[in-house]
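**Student:**
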Amino acid sequence: MPELLIAGARVVDPFQGTDEHADVLVSRGRIAEVGRGIGREGREVLEASGLVLAPAFLELHAHLREPGDEDAETLETGLEAALRGGYAAVCCMPNTRPPLDHPAVVSGLAARARALGLADLYVVGCITRGREGRDLADLGLMHACEARVRAFSDDGAGVEDAGIMRLALQYASAFGGLIISHPEDARLSRGGQVNEGAASVALGLRGIPSLAEEVMVARDILLAEETGGRLHLAHISTARSAAMVREAKERGVRVTAEVTPHHLVLSERDIGDYDTSYKMSPPLRTPADVAALREALRDGTIDAVATDHAPHRREDKEKEFDYAPFGVVGMESAFPVLYRELVEGGELTLMRLLEALTRGPAAVLGLEPPDYGGGIVVGARADLVLLDLEEEWTLDATRFASKGRNCPFHGRAVKGRVACTIKGGRVVHGGGGGGRRG
Amino acid sequence: MAERRHLLDIDDLDRDGIERMLDMARSFAEVLRRPIKKVPSLRGKTVANLFYEPSTRTRLSFELAAKRLSADVLNFTASASSVEKGESLKDTALTLEAMGVDAVVVRHPVAGAPWLLRRWTEATILNAGDGMHAHPTQALLDLFTMRERLGDLEGRTVAFVGDVLHSRVARSGMKACRAVGMEVLAVGPPTLLPPAPVEGVEYVHDFEAALPRCDVIYMLRMQRERQQEGRVPSLEEYTRFYQLNAERMGRARPGALVMHPGPMNRGVEIAGEVADAPYAAVTAQVTAGVAVRMAALFTLLGGAEGGSEVA
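Line by line, the protein sequences give chains A and B.
Heads up: the first sequence begins at 155 in the numbering used here, then just goes up one per residue.
Heads up: the second sequence begins at 15 in the numbering used here, then just goes up one per residue.
1. Suppose you measure from the CA of ARG591/A to the CA of TRP547/A; what does that come to, to the nearest Å?
2. Determine, using beta carbons only, whether ALA267/A and LEU229/A come nearer to each other than 7 Å.
3. Using CA coordinates, which residue listed in LYS577/A, SER261/A, THR455/A is at the minimum distance from PRO209/A?
4. Jot down the residue ranges of each uninterrupted beta strand (DSSP E) in the region 506-588 of chain A, minimum 3 residues, whole runs only, in chain order.
5. Check whether the region 358-375 of chain A touches the region 337-347 of chain A, taking contact to mean three or more Cβ pairs, one atom from each stretch, closer than 8 Å.
6. Distance cutoff 7 Å, beta carbons only. Does MET146/B sit that close to anything in chain A?
7. What does the Cβ neighbour count give for GLU544/A, buried or exposed, with the cut at 16 atoms within 10 Å?
8. Using a Cβ-Cβ distance under 7 Å, would TYR428/A count as near chain B?
9. Under a CB-based cut-off of 7 Å, is ALA567/A close to chain B?
10. Using the C-alpha atoms, what's the distance from LEU438/A back to ARG394/A?
11. Between the C-alpha atoms of VAL300/B and ARG373/A, what's the straight-line distance to the nearest angstrom?
12. For ALA127/B, go through chain A and note every residue whose CB falls closer than 7 Å to its CB, in chain order.
13. Would you list the one or two residues that DSSP bridges to PHE306/A?
14. Looking at MET308/B: is its Cβ nearer than 7 Å to the Cβ of PHE90/B?
15. What residue range does the alpha helix (DSSP H) around MET35/B cover?
16. So, is the C-beta of LEU21/B closer than 7 Å to a C-beta in chain A?
17. Applying the 10 Å Cβ sphere with the 16-neighbour rule, what's the burial state of PHE211/A?
18. Determine whether the Cβ of LEU519/A lies closer than 7 Å to any Cβ atom of chain B.
19. Return the CA-CA distance between LEU138/A and ILE390/A, expressed in angstroms with no decimal places.
20. If we count the other Cβ atoms within 10 Å of its Cβ and call it buried at 16 or more, is ASP542/A buried or exposed?
21. Do VAL306/B and LEU74/B count as a contact pair if the criterion is CB distance below 7 Å?
22. Whose CA, out of ALA137/B, TYR293/B, VAL183/B, LEU83/B, lies closest to the CA of LEU108/B?
23. Does chain B have any CB closer than 7 Å to the CB of LEU365/A?
24. Kindly give me the distance between the Cβ atoms of LYS557/A and ALA216/A, rounded to whole angstroms, as I take these residues to be in contact under 8 Å.
25. So for LEU218/A, helix, strand or coil by DSSP?
26. Taking all protein chains shown into account, decide if THR575/A is buried (16 or more other Cβ within 10 angstroms of its Cβ) or exposed.
27. If you count every other CB in all the chains shown that lies within 10 Å of the CB of SER186/B, and 16 or more means buried, which is it?
28. Whose Cβ in chain A lies nearer than 7 Å to the Cβ of PRO208/B?
29. Between the region 443-461 of chain A and the region 190-200 of chain A, do at least 3 Cβ pairs fall closer than 8 Å?
30. Apart from the five residues on each side of it in sequence, which residues of its chain come closer than 6 Å, Cβ to Cβ, to GLY589/A?
31. Within 10 Å of its beta-carbon, does PRO465/A have 16 or more other beta-carbons around it, so buried, or fewer, so exposed?
32. Just to confirm before moving on: does the CB-CB distance between GLY527/A and GLN170/A stay below 7 Å?
33. Quick check on the burial criterion: 16 or more other C-beta atoms within 10 angstroms. Buried or exposed for MET296/A?
34. Within 7 Å of any Cβ in chain A, is that where the Cβ of LYS104/B sits?
35. According to DSSP, is THR381/A part of a helix, a strand, or is it coil?
36. Shorter than 7 Å from the beta carbon of VAL118/B to some beta carbon of chain A?
Written out as structure tokens, the structure is:
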């Protein structure tokens, strides 16, 4: 493989906190040189003037539906969607059929992903056997096996039994395992379809109160505080959840949190004519919640943006609102939507957005070089994205690599595109058109 | 081609549209008093009644209204049909479309189903009740009944009493009453009222205190299921605080009207003596239903020009 010279990009590196124009030379899958005026001779040159070069993104929360629901998504389509969205690595959630609760299952899945050679896969294992909420799964064995599971979750449902959650946090702390909470009290959310309040009243649908999330956020923070375990709160959606995370961090609790692009951009007011592409769990909340989540992302209370990519079969989503499943796809729309709405909208710096897509999730998961991260420095693995921040275009879900078309941003005018994804020094998405001049 | 017109919820109509619909219903009510109760207005049109929930009263009312206008009527009742074989709402819509149906009257247990149908067929959609969301023709027939009994409704006060939270009748009814300038109260325990404010609606928990303000007392059906959900401790307790009986009627304004969408739970939300009293308009509501639905079908299926009823 010839050396690859990425020439003339604006290099924005959240790991180093740097933002400067430079050439980047990639050799044998790693970054070999960063500087100005690097020689072109004998090298493959990717013209990148006018583009931003950043570390490739890390997806903390995706549903790739394998095994068991390959009609909705496969490792192949899901990891291809990741590359198109600028992600070099993806954590997949274990609510599959069967669930990912056993070393053999997680190892098999990890091996299949390696063979595909697309984005890297980090398998999230179940907290409890069968995701039934009763007995701990073999957390240590999953961590020790070939798949090296780092994080555990019963995502899709909260762990209702506080005693089990406490044991999980205690037990996993022995090997630094991360416990990912799906904060939802099913007794409070039961039967709900949209946020309880203005939306549920206007639409005549059953409501899911903010409290259904908040009581479990509060509980899990207390459990993490007492056990010293590492807790990550998935897809928080309310102002009060964000406030509780902020206070917990100030107290020194080992807690991190993620937010999805849809909860940062959309509110319950956008649901409109019962389009099930707006049906997700947790539900879209109020504009005040959206504002609070943006503030929490800005000030670092929320560590990462994760898409909660949840593809569903078209027939399953084309149903009456109550009958359609929760969830929306997100990996291919995340960057352009967030760039347009938050960075262009003046709410977030480009640096902070990129940090929430790269360094933030890496810190949550405890990933370090050479697995992932380190930034755009000599010796780091060349997992990179080139971003065209000027391009204005319209999101078209029918052209996604994901099998899922359930995207609330379909048809939305966006700005900024992942022009090129480079994985291990190889261009794996885009890169044909060269850079933008001027 | 003219834009398709639908009646999905009462706010598809502005105040003028509501008034015109009620005026038209009055002329159809006159037709219904003739020896030959039929006009040729919708001859050649086909109306499908698509009922995913049992509702004899509403289905018969729509069926009769369509027939009085000389339309052809198809009845599709979900329990005895393709739904049991797993056919989706979308496929059913496409089937009706292929049959060239002009209008679909839909009753469905899930809120929003009529909005989905609108996306999937070219037919005019009339919402005959979706989940706990909307029931616009019920709201119209209720307004019709109030207007016939009380005259001008501007400034009058109506109380919707009981399970407002789960009631599509109340949801559309409150909007309709607000639209014609009425004051609206929602009366019930906090667990049975909507979890957010409804514009222009005052929430009241003390039924007896509210009664002296009311020109119309609109009693809602109390479902046993709500007790099973724990929203009220017992039907006995509910009855004690929220049943409309003769004694409570004594506190209401003179000439106050009692209404109920039916079917009534006598002895629960309404005492038998009240249901049968002359101030109760329950059967008048049923009669009004046919005339109002004739007006809706006639307006939407091209019988009336220049309506504002465009959804």
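In this text, a Cβ means the ideal position worked out from N, Cα and C, and glycines have one as well.
**Tutor:** On the basis of the data shown:
1. Within the first sequence, numbered from 1, the residue matching residue 591/A stands at position 437. Within the first sequence, numbered from 1, the residue matching residue 547/A stands at position 393. In this prediction, ARG591/A has a pLDDT of 37, which is less than 50 and means its spatial position is unreliable; nothing more can be read from the coordinates.
2. Translated into positions along the first sequence, residue 267/A becomes position 113. Translated into positions along the first sequence, residue 229/A becomes position 75. Using a Cβ distance threshold of 7 Å, ALA267/A and LEU229/A count as a contacting pair.
3. Position 55 of the first sequence, counted from the first residue, corresponds to residue 209/A. Comparing alpha-carbon positions, the option among LYS577/A, SER261/A, THR455/A lying closest to PRO209/A turns out to be LYS577/A.
4. Fully contained in the region 506-588 of chain A are the following beta strand (DSSP E) runs of length 3 or more, in chain order: 538-548, 567-577, 580-584.
5. Enough Cβ pairs lie closer than 8 Å, so yes.
6. For the purposes of this step, residue 146/B is identified with residue 132 of the second sequence, where counting begins at 1. Put simply, the CB of MET146/B is near chain A, with a gap under 7 Å to one of its CB atoms.
7. What you label residue 544/A is simply residue 390 of the first sequence in a count that begins at 1. GLU544/A is classed as exposed because its beta carbon has fewer than 16 other beta carbons within 10 Å across all chains shown.
8. Taking the first residue of the first sequence as 1, we reach residue 428/A at position 274. Yes, its Cβ sits closer than 7 Å to a Cβ of chain B.
9. On the first sequence, position 413 is the one that residue 567/A refers to. It does not: the Cβ of ALA567/A has no partner Cβ on chain B nearer than 7 Å.
10. Walking along the first sequence from the start, residue 394/A turns up at place 240. Walking along the first sequence from the start, residue 438/A turns up at place 284. When rounded, the distance between both Cα atoms is 15 Å.
11. Within the second sequence, residue 300/B is the residue found at index 286, counting from 1. Within the first sequence, residue 373/A is the residue found at index 219, counting from 1. Going by C-alpha positions, VAL300/B is about 53 Å away from ARG373/A.
12. The residue labelled residue 127/B in the question sits at position 113 within the second sequence. What ALA127/B touches in chain A: GLU474.
13. On the first sequence, position 152 is the one that residue 306/A refers to. GLY279/A, ILE333/A.
14. As a working mapping, residue 308/B is identified with position 294 in the second sequence. As a working mapping, residue 90/B is identified with position 76 in the second sequence. The answer is no: Cβ separation not under 7 Å.
15. Against the second sequence, residue 35/B aligns to sequence position 21. That run of the alpha helix (DSSP H) goes 29-46.
16. Sequence index remark: in the second sequence, residue 21/B carries index 7 (1-based). No, because no Cβ of chain A sits closer than 7 Å to the Cβ of LEU21/B.
17. Residue mapping note: residue 211/A aligns to position 57 of the first sequence, counting from 1. A buried status is given to PHE211/A, since no fewer than 16 other beta-carbon atoms sit within 10 Å of its beta-carbon.
18. As a position in the first sequence, residue 519/A is number 365, starting the count at 1. Cβ-Cβ to chain B under 7 Å: no for LEU519/A.
19. Nothing can be reported for residue 138/A, as the shown portion of chain A is limited to 155 through 592.
20. The residue given as residue 542/A occupies position 388 in the first sequence. Looking at its Cβ environment, which holds 16 or more other Cβ atoms inside 10 Å, ASP542/A is buried.
21. Indexing the second sequence from 1 puts residue 74/B at position 60. Indexing the second sequence from 1 puts residue 306/B at position 292. Not a contact, by the Cβ cut-off of 7 Å.
22. Looking up residue 108/B in the second sequence gives position 94. The residue with the shortest Cα to Cα distance from LEU108/B is ALA137/B.
23. Translated into the one-based positions of the first sequence, residue 365/A becomes position 211. So, not an interface residue.
24. In the first sequence, the residue the question calls residue 557/A occupies position 403. In the first sequence, the residue the question calls residue 216/A occupies position 62. ALA216/A and LYS557/A do not touch by the CB rule: their CB atoms are close to 13 Å apart, not below 8 Å.
25. Locating residue 218/A in the first sequence gives position 64, counting from the first residue. The answer is coil: DSSP assigns LEU218/A none of H, G, I, E or B.
26. On the first sequence, residue 575/A is found 421 positions in, with the first residue counted as 1. Answer is buried; the Cβ neighbour count reaches 16.
27. If you number the second sequence from 1, residue 186/B lands on position 172. It is buried - the Cβ of SER186/B has at least 16 other Cβ atoms within 10 Å.
28. Position 194 of the second sequence holds residue 208/B. Residues of chain A passing the Cβ test: VAL355.
29. The region 443-461 of chain A and the region 190-200 of chain A do not touch, with fewer than 3 CB-CB distances between them shorter than 8 Å.
30. Counting from 1 along the first sequence, the entry for residue 589/A is found at position 435. Low local confidence applies: a pLDDT of 45 at GLY589/A is under 50, so the model's placement there is unreliable, with the coordinate-based value given in what follows. Exclusion of the five residues before and after GLY589/A leaves GLU201, ALA202, SER203, GLY204, LEU205 as the residues of its chain whose Cβ lies within less than 6 Å of its Cβ.
31. As a first step, residue 465/A must be located in the first sequence, where it is residue number 311. Flag for PRO465/A reads buried.
32. In the first sequence, residue 527/A corresponds to position 373, counting from 1. In the first sequence, residue 170/A corresponds to position 16, counting from 1. Result no, Cβ atoms of GLY527/A and GLN170/A do not sit closer than 7 Å.
33. Here residue 296/A is taken as the residue at index 142 of the first sequence, counted from 1. It is buried - the Cβ of MET296/A has at least 16 other Cβ atoms within 10 Å.
34. Locating residue 104/B in the second sequence gives position 90, counting from the first residue. For LYS104/B, the nearest beta carbon of chain A is closer than 7 Å to its own beta carbon.
35. One-based indexing of the first sequence puts residue 381/A at position 227. Correct three-state label for THR381/A: helix.
36. Here residue 118/B corresponds to residue number 104 of the second sequence, with the count starting at 1. At a cut-off of 7 Å between beta carbons, VAL118/B makes no contact with chain A.
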